[in-house]
């Protein structure tokens, strides 16, 4: 039975290798002569094949072995990849990915797909073997192979000689197929007696190779005298149906990285648990501050000493929090790069030509956000290709280049992450959207809407202006789900479009779903939290002159900038008598270059808060992003700035 930890490690490494292969193949289509690129792809596939055999995943091993043979053929003969061959390789890694993700290790649910890809691999390899017959002896007949049992009982001081035992295994895999590896851990002491400079393990390796015993001995030539190494030929060969090379060393493409990072795999659940503990610590810390504040009022002599202690604690807690949150963040590049594959697959059987340009791959986001973002991005890219980009003929008639362009950007803005999907296609026809909305009864016949309200109609369930149904989009399911998914991760999406020039979807996301800095404010005896990143400034309402524009909102003239002004109490439809707008505090908030003045009763202070989801228990509550427990132990709602702007505009 395969060790669970070993299997999980294989799965995690395979996910990385599959991404390397997929990205590499798409790049290789553009640069078919890049030998370093094909080498990286080959090594990643080689690692999958070897690892699958080590953990007993015969289906994965079989497919990876066939794909590796194709890559080896191309690598050895310096042949360019055809579109058909790339498709075979991509289909193969899709199947491996499915097996890994669903843990359907026997491939029971996709046996027909496995049979199909194996047939295509065999047909390709058969053709190549036939084409090379007479030119390359290795394709006429398989060389005679022998099997050897190699026992490596290495000296405990092997590290002092500069020898890496794993490199020895890797060298063995380079001259043949490692069928089996067994590890003897009997000499391994308990953790308290473990010496990191001492080698405790013993390996037994079954190797199938066309090399002889002397060739194998040459691998160990410098350590044979000081180590117990036995090489025995096996007369009765073991079954080799699932023979694999064991790739011990994972090689990564460091084309764009000139340094090596020290990394360790950490279960994300452990990071979540640590963040939860930090969250509880923050709540307790705030509560202690409140209690001590009450004590200080009675004993002022302790104030300075206690303040200094808390400042020190604050620094430590924040530093730990930032480090843990940083550990749970990953670059968005992996998710972005997979979108190249979607564009390729869509345009493969279409007359459309589309180039996807990606910027901001290194932008980091919370792992959870990136996982939830994958599906919305997939759909938006499909939508851009299917609905947005025109056919080459139409583009020429409009004076555009025949090849469409989609640009994907990610960047930081005011403590948030902005993701933009921009195409240079046909844009959104506002009249067409309005007519379809009226036809479906989504709006009144004579109802007037501004531009953003018109664009927001396409996020309604079942809305589509496309007449025919395609395999790509236009089934009436999609953009409403996109909006819902983005809202679920406390993001928002807006649309900018111009007919015949293109469309931009702009997504705004928080850096993390866990903890934020917030301003605690009071309105009608209720306390709310407003994210610090959205706050511009506070103003005493009594010092400002408010102007009421007939038929429109009240505005405040702030340094010759006219800002709409509204009561937060009225905006949230709270009970009780609301104050005059000239009373209390005006909080100026900002969203996408737009500002809004919110009248509140009191600013209580700034506090780090832990965000808890309320949608599961309450459903979607407009105006709120979540809830938290304040330092005083009270539950407080966290305000959603995007929703506040929408509510203010609606009123």
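Numbering (the UniProt record's numbering), first residue to last: 1 to 651.
Glycine is no exception: its CB is placed at the ideal position from the N, C-alpha and C atoms.
Check, Outcome
"Report all residues from its chain with a CB closer than 8 Å to the CB of residue 278; omit the five preceding and five following residues, and keep chain order.", "317, 320, 321, 324 and 515"
"Once the 5 residues before and after residue 608 are set aside, which same chain residues still bring their CB inside 7 Å of it?", "282, 515 and 517"
"Name the two residues that bound the continuous beta strand (DSSP E) containing residue 52.", "Note, residue 52: premise wrong, no beta strand (DSSP E); alpha helix (DSSP H) at 35 to 54."
"Check whether the Cβ atoms of residue 513 and residue 640 lie closer than 8 Å to each other.", "no"
"Residues bridged to residue 652 by DSSP?", "With the chain covering 1 to 651 only, the question about residue 652 has no answer from this structure."
"Return the first residue and the last residue of the alpha helix (DSSP H) that residue 221 is part of.", "Where residue 221 is concerned, there is no enclosing alpha helix (DSSP H), given that its DSSP letter is neither H nor E."
"What does DSSP give as the partner residue(s) for residue 387 in the beta ladder?", "DSSP output for residue 387 lists no bridge partner at all."
"DSSP state of residue 467, grouped into three classes?", "Residue placement at residue 467 is poorly supported in this model, since its pLDDT is 49, which falls under 50; the coordinates still yield a value, given next. Three-state DSSP puts residue 467 in coil, outside helix and strand."
"Under a three-way DSSP split, which group does residue 490 fall into?", "coil"
"Comparing C-alpha positions only, which one of 491, 501 and 229 sits nearest to residue 508?", "491"
"Which residues does DSSP pair with residue 200 in a beta bridge?", "Its beta-bridge partners do not exist; DSSP assigns none."
"Buried or exposed: where does residue 4 fall if 16 or more other Cβ atoms within 10 Å of its Cβ makes it buried?", "exposed"
"When you compare the CB positions of residue 21 and residue 41, do they come within less than 8 Å of one another, or not?", "yes"
"If you drop the 5 nearest sequence neighbours on each side, which residues of the same chain put their C-beta closer than 6 Å to that of residue 574?", "524"
"Kindly list the residues whose CB is nearer than 6 Å to the CB of residue 156, restricted to its own chain and excluding five residues on each side of it in sequence; keep chain order.", "198 and 199"
"Taking the continuous beta strand (DSSP E) assigned at residue 516, which residues delimit it?", "515 to 523"
"Between the C-alpha atoms of residue 179 and residue 370, what's the straight-line distance to the nearest angstrom?", "38 Å"
"For the alpha helix (DSSP H) that residue 430 lies in, which residues bound it at each end?", "430 to 439"
"Tell me whether residue 124 is buried or exposed, calling it buried when 16 or more other Cβ atoms sit within 10 Å of its Cβ.", "buried"
"In three-state terms, what does DSSP make of residue 164?", "coil"
"For residue 77 and residue 498, I'd like the C-alpha separation in whole angstroms.", "50 Å"
"Roughly how many angstroms separate the alpha carbons of residue 486 and residue 417, rounded to a whole number?", "13 Å"
"For residue 445, which residues in the same chain have their Cβ closer than 8 Å to its Cβ, ignoring the five residues on either side in sequence?", "438"
"So, helix, strand or coil for residue 624, using DSSP?", "strand"
"Around the Cβ of residue 291, are there at least 16 other Cβ atoms within 10 angstroms (buried) or fewer (exposed)?", "exposed"
"Can you tell me which residues form a DSSP beta bridge with residue 562?", "557"
"Measuring only the C-alpha atoms, how far is residue 385 from residue 361?", "21 Å"
"Verify whether the separation of the beta carbon atoms of residue 563 and residue 597 is less than 8 Å.", "yes"
"Only counting the same chain, and skipping five residues up and downstream in sequence, which positions put a Cβ closer than 6 Å to that of residue 472?", "For residue 472, the pLDDT reaches just 44, beneath the cut-off of 50, and the residue's location in the model is therefore unreliable, although a value from the coordinates is still provided. Excluding positions up to five away in sequence, the list reads 346, 382 and 386."
"Measure the CB-CB distance between residue 63 and residue 114 and report whether it falls below 8 Å.", "yes"
"Report the rounded CA-to-CA distance for residue 331 versus residue 378, giving the unit in angstroms.", "17 Å"
"Give a yes or no on contact between the stretch 443 to 462 and the stretch 531 to 543, applying the rule of three or more CB pairs nearer than 8 Å.", "no"
"For the alpha helix (DSSP H) that residue 304 lies in, which residues bound it at each end?", "303 to 327"
"Output the boundary residues of the alpha helix (DSSP H) element that contains residue 571.", "568 to 571"
"Grab me the residues of residue 635's own chain with a C-beta within less than 8 Å of its C-beta, minus the 5 sequence neighbours each way, in chain order.", "627, 628 and 629"
"By Cβ distance below 6 Å, which residues in the same chain neighbour residue 355 in space, the five residues on each side in sequence not counted?", "403 and 405"
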